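S.K.:
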Amino acid sequence: MHRLFYIAFLLLLATSCTTPAPTAQEIVDKAIAASGGEVIANSSIHFKFRKYYYRATRKDGLRTLERCTDAACQVQQDVIKNNGEFVRFRESVPTTLPDSMKNRYANSVNSVHYFSVLPYGLNDPAVRKSLVDETVVKGEPYYRIRVTFAQEGGGEDFQDEYMYWIHKNRYTVDYLAYNYQTSEGGTRFREAYNERIINGIRFVDYRNYKPEEQYPPLQTLDALYENNNLDLLSIIELEDVEVSSCPAC
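Mature numbering (1 follows the signal peptide of the UniProt record, and there is no 0) puts the sequence shown at residues -21 to -1, 1 to 228.
1. Would you kindly report the start and end of the unbroken beta strand (DSSP E) that includes Tyr159?
2. Are the beta-carbon atoms belonging to Val152 and Ala10 less than 8 angstroms from one another?
3. So the candidates are Arg167, Glu70, Thr199 and Tyr33; which of them puts its Cα closest to the Cα of Val88?
4. Could you work out which residue in Ile177, Asn207 and Ser213 is closest to Asn187 when comparing CA atoms only?
5. When the Cα of Ser14 is compared with those of Glu174, Tyr185, Leu197 and Phe65, which residue comes out closest?
6. Mind checking who Phe94 pairs with in its DSSP beta bridge?
7. Please say whether Tyr185 and Ile215 have beta carbons closer to each other than 8 angstroms?
8. Once the 5 residues before and after Pro98 are set aside, which same chain residues still bring their CB inside 8 angstroms of it?
9. Looking only at C-alpha atoms, which of Gly118, Ala20 and Glu64 sits nearest to Asp78?
10. State the CB to CB distance for the pair Tyr141 and Val116, rounded to an integer number of angstroms; the pair is presumed to be in contact (CB under 8 angstroms).
11. So, with DSSP's three-state summary, where would you put Arg149?
12. Looking only at C-alpha atoms, which of Arg167, Phe182, Ile177 and Gly179 sits nearest to residue 229?
13. If distances are taken between C-alpha atoms only, which option among Phe94, Lys81 and Pro195 comes closest to Asn208?
14. State the CB to CB distance for the pair Arg42 and Asn61, rounded to an integer number of angstroms; the pair is presumed to be in contact (CB under 8 angstroms).
15. Would you mind giving the Cβ-Cβ distance between Ser223 and Ser22, rounded to the nearest angstrom? I have them listed as a contact below 8 angstroms.
16. Return the CA-CA distance between Ala35 and Glu45, expressed in angstroms with no decimal places.
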């Protein structure tokens, strides 16, 4: 009788000590907080990427995204307004573009801004996220989060699929992968490096890799990466990053 009671006690203790797995939403919320989400929400962020100058202004749920050919934004300026409208200015004068070109330019501008502050955008209304599992990459523990998009509000690339490797302790996004359907389609894996905190926001650069297979399962890419079975395609670097608070912008 005492033996049975002891076994029951051990089972109860083991059950009570089991921590329930966090949800994808809880993990993403912590990752956004760890990257400086509260600062991003009301900020003006400037940086240079390749040959263009970018500026993102966010305040009270509203945002304006810009890309310019010169630092002063006087020669050519692309603007995505809060309602999603794209406008191109040349020497401060709006230009007329066909809708197909507007969509292409808008996607290009939005993509750079989206990646610059990841994982901030993962709570947008069109985002659908789920916890796939837990894994280890280079000896570090990660949650693997799968992200897809609803057709409404998900943009032209709503069929794309993403996976994020979020560190279990630091809640940093250290790796990500995605597949895409445009331009003949393909899959990419990105490794974050050169982490720096600028006025409370975490910024990283990326090494951008390509697998041999066009559409391998995204959850296999970390193993391909560790086994050196990915080809380095490009380096993605943000230069001259500046952050200012935006109480009156």
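Built from N, CA and C at the ideal position, the CB exists for glycine as well. Source: prediction; values computed, not measured.
M.R.: To lay it out plainly:
1. Val152 to Tyr159
2. yes
3. Tyr33
4. Ser213
5. Glu174
6. Partner(s): none; Phe94 has no beta bridge.
7. yes
8. Val7, Ala10, Ile11, Ser14, Tyr143, Ile145 and Val152
9. Glu64
10. Contact doesn't hold; Cβ gap of about 16 angstroms is too wide.
11. coil
12. Nothing can be reported for residue 229: it is not among the residues displayed for the chain, which extend from -21 to 228.
13. Pro195
14. 6 angstroms
15. 7 angstroms
16. 6 angstroms
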